[in-house]
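Some notes on the structure that comes next.
There are 2 protein chains.
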Amino acid sequence: MPALLPEIDLDARDCQSCPIRHRAVCARCEADELEHLEQIKYYRTYEAGQPVVWAGDKLDFVASVVSGVATLSQTMEDGRTQMVGLLLPSDFLGRPGRSTASYDVTAVSNVTLCCFRRKPFEEMIRSTPHVAQRLLEMTLDELDAAREWMLVLGRKTAREKIASLLAIIARREALLNLDPGRSVTRMELPLTRESMADYLGLTIETVSRQISALRRDGVIVLEGKRTVQIPDFDRLLNETGDDMDGGVLI
Amino acid sequence: MPALLPEIDLDARDCQSCPIRHRAVCARCEADELEHLEQIKYYRTYEAGQPVVWAGDKLDFVASVVSGVATLSQTMEDGRTQMVGLLLPSDFLGRPGRSTASYDVTAVSNVTLCCFRRKPFEEMIRSTPHVAQRLLEMTLDELDAAREWMLVLGRKTAREKIASLLAIIARREALLNLDPGRSVTRMELPLTRESMADYLGLTIETVSRQISALRRDGVIVLEGKRTVQIPDFDRLLNETGDDMDGGVLI
DNA sequence: CGGCCCATTGAGGTACTTCAACCAGAGTGG
DNA sequence: CCACTCTGGTTGAAGTACCTCAATGGGCCG
Chain A
0 MPALLPEIDL
10 DARDCQSCPI
20 RHRAVCARCE
30 ADELEHLEQI
40 KYYRTYEAGQ
50 PVVWAGDKLD
60 FVASVVSGVA
70 TLSQTMEDGR
80 TQMVGLLLPS
90 DFLGRPGRST
100 ASYDVTAVSN
110 VTLCCFRRKP
120 FEEMIRSTPH
130 VAQRLLEMTL
140 DELDAAREWM
150 LVLGRKTARE
160 KIASLLAIIA
170 RREALLNLDP
180 GRSVTRMELP
190 LTRESMADYL
200 GLTIETVSRQ
210 ISALRRDGVI
220 VLEGKRTVQI
230 PDFDRLLNET
240 GDDMDGGVLI
Chain B
0 MPALLPEIDL
10 DARDCQSCPI
20 RHRAVCARCE
30 ADELEHLEQI
40 KYYRTYEAGQ
50 PVVWAGDKLD
60 FVASVVSGVA
70 TLSQTMEDGR
80 TQMVGLLLPS
90 DFLGRPGRST
100 ASYDVTAVSN
110 VTLCCFRRKP
120 FEEMIRSTPH
130 VAQRLLEMTL
140 DELDAAREWM
150 LVLGRKTARE
160 KIASLLAIIA
170 RREALLNLDP
180 GRSVTRMELP
190 LTRESMADYL
200 GLTIETVSRQ
210 ISALRRDGVI
220 VLEGKRTVQI
230 PDFDRLLNET
240 GDDMDGGVLI
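Sequence order for the protein chains is A and B.
Reminder that position 193 of the first sequence reads as 192 in numbering that gives the first Met the number 0, one-by-one numbering, no gaps.
Reminder that position 131 of the second sequence reads as 130 in numbering that gives the first Met the number 0, one-by-one numbering, no gaps.
Set out below in structure tokens:
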């Protein structure tokens with residue numbers, strides 16, 4: 000039995016001190032709107048490896064990820080699985096207007112969700128434009144990310160795929176640590192090799208081999224299996240195959 | 000020089016008789032809201048093969064596709080390209096709040112757009128919830144479609160990819176023809192082999208070979224290069240690798 | 001007719017998968 | 001304490017699905 004989750008005080012109902020206050024679906028809310036949200040919200044936690052919900056199952060809340068990492072994935076009958084979303088802190092889970100989950104959701108680390116009961120939340124979308132606006136913005140961002148990922152899946156080599164994933168994680172890490180200018184040079188991978196493979200449409204063997212190759216070539220430095228140093232971020236970007244100077248979507 | 004586009008009377012500013020009235024971003028609008036939209040809208044047409052806009056270029060309108068087919072695609076420096084969106088009639092083009100195009104947009108058939116100047120449209124999103132709500136719904140649908148496509152790109156075989164694409168086109172065709180129950184058994188492919196390859200992350204040779212294989216196996220019947228008959232739709236669905244009886248996303 | 005575009009087909013190469021062995025660390029139980 | 005097992009990861013050898021390169025064909029247009 001793992002230790003209890005320490006990070007968040009689950010009784011702290013105070014949105015003002017919430018770590019994802021300015022990035023989540025509630026980012027645009029005024030004080031009175033937050034108050035309304037606080038009435039319909041509650042926290043749930045999941046241990047690393049636990050399922051949050053299976054595709055097709057009833058899901059009568061939507062939620063913001065407060066801490067931890069969860070994945071959305073699809074599985075075919077014969078077991079092939081593809082990850083289709085990576086939920087990091089501040090990301091939104093669930094679809095207003097739909098009462099069942101479309102994808103398998105799994106906590107890959109210990110996860111805390113800030114849940115909103117579906118019906119009241121849908122009502123709020125209709126009544127408070129600030130929530131609807133932010134949700135639209137976040138959904139458009141996710142759509143952009145999904146399209147970026149389609150290029151990775153459809154056209155990049157295994158090596159480029161790995162480099163792309165590392166770059167994305169590093170960027171999000173930097174964003175979270177409010178480390179805007181300098182990109183992180185050391186980070187903890189939130190995903191196992193298997194999850195990385197599911198994300199990239201590869202096998203775990205190929206993931207492992209390409210990570211080893213990037214290490215051999217000095218693009219990354221491993222400390223243990225999960226901690227990665229990136230000595231030269233531009234060098235890593237070069238390996239992604241992306242246009243370097245082009246308008247980066249952060 | 001191709002013939003002039005015959006389908007739409009460009010002076011017909013009447014939203015009421017618009018073919019995409021109940022599916023486009025304006026679907027939820029009341030009479031007075033439509034009137035407002037009519038003041039900021041104008042039509043543009045593009046010939047088959049013409050670019051609508053390049054990624055990074057200024058795009059000071061958003062639009063609904065009224066007729067024809069356009070594609071969104073991304074191209075890497077070395078020329079590899081991946082299609083990331085297929086815009087059919089009623090689909091929405093552009094992102095409110097962003098003044099430059101994120102992707103290359105190309106008309107693959109003759110296309111008519113119903114354009115809205117960006118600024119007034121953004122203002123309308125803020126002021127008329129019906130537009131914002133519909134846009135959110137459409138964006139969520141697109142996100143679902145993108146995620147479905149990530150499974151195709153990441154995990155399906157070439158044969159399954161082709162079958163999936165044919166099934167998707169057939170379903171959208173049926174939806175457009177208001178042919179809800181029976182799926183279409185004959186349809187015109189709106190895409191060249193090259194576009195199909197770009198969509199599926201394949202080469203045109205592989206596309207061609209797999210289409211030939213499906214024809215040899217009796218899954219499809221070709222009439223010329225672009226017209227496809229589907230004798231048994233369930234047979235085709237079987238070839239996609241998808242869960243047959245599972246909740247279909249129409 | 002020749003030229004062009006799109007599509008098909010073949011032959012050979014290669015990047016990734018598959019199958020299998022092996023390794024390191026952590027937990028378990030004698 | 002050591003043997004054990006389990007999980008996540010690495011590495012090797014062989015197989016294969018798809019790509020690359022190249023030739024061919026059919027429809028359309030000047």
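Glycine included, each C-beta is placed from N, C-alpha and C at the ideal position.
Three-pair Cβ contact test at 8 Å for the stretch 128-143 of chain B versus the stretch 139-157 of chain A:
yes
Under 7 Å Cβ-Cβ, which residues of chain A neighbour B:GLU141?
LEU142
What distance in whole Å lies between the Cβ atoms of B:VAL110 and B:THR44, which are believed to be in contact at a cut-off of 8 Å?
Separation of the CB atoms of B:THR44 and B:VAL110 is rounded to 7 Å, and the pair is thereby assigned contact status at 8 Å.
Residues bridged to A:SER63 (per DSSP)
Beta-bridge partners assigned by DSSP to A:SER63: A:PHE91 and A:CYS113.
Stretch-stretch touch, CB-based, cutoff 8 Å, three pairs: the stretch 22-29 of chain B with the stretch 122-137 of chain B
yes
Nearest by alpha-carbon distance to B:THR105: which of B:ARG116, B:ARG125 and B:LEU87 is it?
B:LEU87
May I have the straight-line CA-CA distance separating A:GLN81 from A:ARG116, to the nearest angstrom?
28 Å
Rounded Cβ spacing between A:TRP53 and B:MET149 (contact assumed at less than 8 Å):
With 8 Å as the limit, A:TRP53 and B:MET149 do not qualify as a contact, their Cβ atoms being about 19 Å apart.
Using 9 Å as the threshold, is the C-beta distance between B:VAL107 and B:VAL83 below it?
Against a cut-off of 9 Å, the Cβ pair of B:VAL83 and B:VAL107 comes out as no contact.
Using a Cβ-Cβ distance cut-off of 9 Å, determine whether B:TYR41 contacts chain A.
no
Would A:GLN73 be called buried (16 or more neighbouring beta carbons within 10 Å of its own) or exposed?
buried
Could you check the C-alpha separation between B:GLN15 and B:LEU33 for me, to the nearest Å?
8 Å
Cβ contact (3+ pairs, closer than 8 Å) linking the stretch 187-206 of chain A and the stretch 228-235 of chain A
Because the criterion of three Cβ pairs below 8 Å is not met, the stretch 187-206 of chain A and the stretch 228-235 of chain A do not touch.
Local Cβ density within 10 Å of A:THR138, reported as buried at 16 or more and exposed below that
buried
Give me, in chain order, the residues of the same chain whose beta-carbon lies closer than 7 Å to that of A:LEU4; leave out the 5 immediate sequence neighbours on both sides.
Low confidence applies here, because A:LEU4 scores a pLDDT of 42, under 50, leaving its location unreliable; read the following figure in that light. The answer, listed in chain order, is THR44, ASN109 and THR111.
Where DSSP assigns a beta bridge to B:LYS57, which residues make up the other side?
B:THR99
With a threshold of 9 Å between beta carbons, is B:TRP148 in contact with chain A?
yes
Expressed to the nearest angstrom, what Euclidean distance is found between the alpha-carbon atoms of A:SER163 and A:ARG185?
In a straight line, the C-alpha of A:SER163 is about 16 Å away from that of A:ARG185.
Along the chain, where does the beta strand (DSSP E) containing A:ARG79 start, and where does it finish?
From DSSP, A:ARG79 is part of no beta strand (DSSP E); its letter is neither H nor E.
By how many angstroms is the C-alpha of B:SER63 removed from the C-alpha of B:PRO119?
15 Å
Would you mind telling me which residues of chain B sit closer than 7 Å to A:VAL218, beta carbon to beta carbon, in chain order?
Going along chain B, no residue has its Cβ under 7 Å from A:VAL218, so there is no contact; the nearest lies around 19 Å.
Selection of the stretch 202-217 of chain B by Cβ proximity to chain A, strictly under 8 Å
Within the stretch 202-217 of chain B, no residue has a Cβ lying closer than 8 Å to any Cβ of chain A.
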